[in-house]
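Data first, discussion second: the structure below is written as structure tokens.
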Amino acid sequence: MKLVEKLIQNRILSKEEFVELLANTDAEDREILRKEAVRLREKYYGHDVYIRGLIEFTNYCRCDCYYCGIRRSNRQAERYRLTQEEILACCRAGYALGFRTFVLQGGEDPYFTDERICELVRAIKSSWPDCAVTLSIGEKEHSSYRLYRKAGADRYLLRHETASPAHYRRLHPPEQTPQRRRQCLWSLKELGYQVGAGFMVGSPYQTPENLADDLLFLHELSPQMAGIGPFIPHHQTPFSAFPAGTLRQTLLMVALTRLILPNALLPATTALGTIAPDGRERGVLAGANVVMPNLSPVGVRKQYALYDNKICTGDEAAECRACLQNRMRSIGYELAVDRGDFVPE
Ligand code: SAH
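Reminder that position 154 of the sequence shown reads as 153 in numbering that gives the first Met the number 0, one-by-one numbering, no gaps.
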């Protein structure tokens, strides 16, 4: 049996098979995989696209990921952090625009102690009890994750970045270990969060074996969400000279992820929209069902630069929403005013 058919039937392959599939797919295979991904996505979520209001509330970071523009060693990065009032103002504006999930994302900023994060989560949940709060603030102790959850946080995004330990070590300094990253993901699951893992496509030194490991890891962890976007170089990082991941390979990985996690929440990422003008539409047409427009104040948008040429850094939230609405309608999909929770099988 052909590997593509085997995957569609069994929903999983061995590592060797995934490697072979990644090495050998032609345009026809990719189209078969894409169509199956869309079929599954529509089975669980119809033509709805869920929107998440992304609030990038701090770009201070104690980590030093080699790929990331806000890594602590980037002395040229202009740092900022929003006040609780500013963050709540973003939510207020977002709520009026139909957002029912707020994603608080930031660097690992020690200013935001557990107490401050919990206070923030409680403030959002008490003002907008019909909204979900997603945190994306990196690696914390199990006890901290438990406190955030108690405060009302519903979801947590923590991409595993790469599931191959040796590859992980080439993308991060020695103090950031693949074991800890994994441990955090399992902790989050255990605490009852809807969890988002994920990885970059085309990151430096990545091999087809690494991508096969990523797919197998997603299968093992079975997260409710998976963020998959192309690596894009940032000019002030050690990886400035590496090429960006490609549209084709990223779309293939999104479709493969949909086959493995048929009812997952998969964003068509901003990075995908950055490497191609119609990247997010193409992402949805490869099985994605979430978009994450920016709700951060326009004044700080450019400073949250994980990679170069990030899109939408000048547009107000309302413009972003309208633009995405048009984009999704143009391909037969509709933005939903909904928390957009995970639908169990
Ligand atoms: N500090 C949080 C949030 C990280 S930023 C955390 O550790 O989870 C969110 C994601 O952006 C990262 O997980 C990473 O996968 C992605 N990212 C960072 N630098 C990037 C780059 N140069 N190109 C593409 N994606 C990048």
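We put the CB at the ideal spot given by N, CA and C, even for glycine.
- Query: Taking 7 Å as the cut-off, is the CB of E169 close to at least one heavy atom of ligand 1?
  - Reply: It should be pointed out that residue 169 corresponds to Arg in this sequence rather than to Glu. Checking the Cβ of R169 against ligand 1 gives no.
- Item | Enclosing alpha helix (DSSP H) for Y303 [first to last residue] | Segment: none, Y303 is in no alpha helix (DSSP H) and carries neither H nor E.
- Cβ of N58 within 8 Å of Cβ of Y303? yes
- Query: Would you call the stretch 88-95 and the stretch 26-34 in contact, with 3 or more CB pairs under 8 Å?
  - Reply: no
- Nonlocal neighbours in the same chain, by C-beta distance under 7 Å from R29, ignoring five residues either side: L251
- Item | Near ligand 1: H233 beta-carbon under 7 Å from a heavy atom | yes
- Query: For the beta strand (DSSP E) that E333 lies in, which residues bound it at each end?
  - Reply: 333-335
- Message: What residue range does the beta strand (DSSP E) around A131 cover?
- Response: 131-135
- Stretch-stretch touch, CB-based, cutoff 8 Å, three pairs: the stretch 272-281 with the stretch 61-80: no
- Query: Contact between the stretch 95-105 and the stretch 208-219: three or more CB pairs below 8 Å?
  - Reply: no
- Between the C-alpha atoms of Y147 and A22, what's the straight-line distance to the nearest angstrom? 42 Å
- In terms of alpha-carbon separation, which member of G272, I54, K188, Q182 lies closest to I310? G272
- Query: Closest to H233 by CA distance: which of T249, L260, G226, P203 is it?
  - Reply: P203
- Could you please give the first and the last residue of the uninterrupted beta strand (DSSP E) stretch that includes R154? 154-156
- Query: Nearest-angstrom Cα distance between K301 and T312?
  - Reply: 6 Å
- Rank V200, Y44, A95, Q182 by C-alpha distance to the C-alpha of V194 and give the top, closest one. Q182
- C-alpha distance - E41 paired with R180, whole-angstrom precision: 32 Å
- Which class does V283 belong to by DSSP, given the choice of helix, strand or coil? helix
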